[in-house]
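Report on the structure given below.
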Amino acid sequence: MAADVKARIIRAGLGLGITAVLAGLLLWWRPSGLYLWAKAFHIIAVISWMAGMLYLPRLFIYHCEAEPGSRQSETFKVMEWRLLTIIINPAMVVTWVLGVWLAYDGGWLSAGWLHAKFALVVVLSGVHGFMVRCVRDFGADQNRRSQKFYRILNEVPTVLMIGIVLLVVLKPF
Ligand code: HEM
Numbered sequence: 001m002a003a004d005v006k007a008r009i010i011r012a013g014l015g016l017g018i019t020a021v022l023a024g025l026l027l028w029w030r031p032s033g034l035y036l037w038a039k040a041f042h043i044i045a046v047i048s049w050m051a052g053m054l055y056l057p058r059l060f061i062y063h064c065e066a067e068p069g070s071r072q073s074e075t076f077k078v079m080e081w082r083l084l085t086i087i088i089n090p091a092m093v094v095t096w097v098l099g100v101w102l103a104y105d106g107g108w109l110s111a112g113w114l115h116a117k118f119a120l121v122v123v124l125s126g127v128h129g130f131m132v133r134c135v136r137d138f139g140a141d142q143n144r145r146s147q148k149f150y151r152i153l154n155e156v157p158t159v160l161m162i163g164i165v166l167l168v169v170l171k172p173f
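37 is the number that my numbering gives to position 37 of the sequence shown; each next residue is one higher, with no gaps.
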């Protein structure tokens, strides 16, 4: 295995380990107001996730215009890869972990609005997975989809986000 891959795995393992220990300490200590703190960080993670999910298809639209192998195309590849791995992926993990914890700790598990929200978040996560595939296709100069396709893809997270936020704030059922 290449040395830089090993170093990355060690760094990722260390990061996960430290996060797990800190999360364990927090749950054991349970400071008052923990629920509201978790909700605040859930919202921060949601904003980061959505910012990335709305910007990435925009990059795909511009990337379609760049000649494969050109300097511009290579720059887009780096931007897409960094946006995905530094912002979008970690933000999704934090959103999910804190969201599930809020649902459990807040006693919301049997609430109808949560089930509907959960279904929309699963679809949103599927769109996320599809975008990972698009980044890989662009990375290998194998994109076959049109600009129009990415313009439509750009709207999907927006529509899902509106549904999710209305459900959690209004709790209609
Ligand atoms: C599996 C994923 C998720 C779960 C289980 C989940 C669950 C929850 C729960 C239980 C709350 C606390 C509700 C309350 O205290 O009234 C909450 C708050 C919130 N969630 Fe999520 N969530 C998830 C993902 C998301 C996503 C993807 C978004 C937006 C796109 C989102 C947006 C929000 C917002 C804006 C609040 C604050 C609502 C308020 O305080 O009125 N959540 N979430």
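We treat Cβ as the ideally placed atom computed from N, Cα and C, and that holds for glycine. Please read all numbers here as calculations on a predicted model, not as lab measurements.
- Within the model, the alpha-carbon separation for residue 38 versus residue 102 is close to 7 Å.
- Closer than 7 Å to some heavy atom of the ligand HEM: that describes the Cβ of residue 103.
- Look at residue 17 here: in three-state DSSP terms it is helix.
- By the neighbour-count definition (other C-beta atoms within 10 Å, threshold 16), residue 75 is an exposed residue.
- Here residue 83 is not near residue 62, since their CB atoms are 8 Å or more apart.
- Between the alpha carbons of residue 9 and residue 80 lies a gap of roughly 21 Å.
- The straight-line gap separating the alpha-carbon atoms of residue 6 and residue 18 is approximately 18 Å.
- Of the heavy atoms belonging to the ligand HEM, at least one sits nearer than 7 Å to the Cβ of residue 118.
- The Cβ atoms of residue 41 and residue 122 lie no closer than 8 Å to each other.
- Here the C-alpha atom of residue 21 lies approximately 43 Å from the C-alpha atom of residue 64.
- Sequence-distant Cβ neighbours of residue 154 in its own chain, meaning closer than 8 Å and more than five residues away, are 54, 57, 58, 61.
- Taken through DSSP and simplified to helix, strand or coil, residue 125 comes out as helix.
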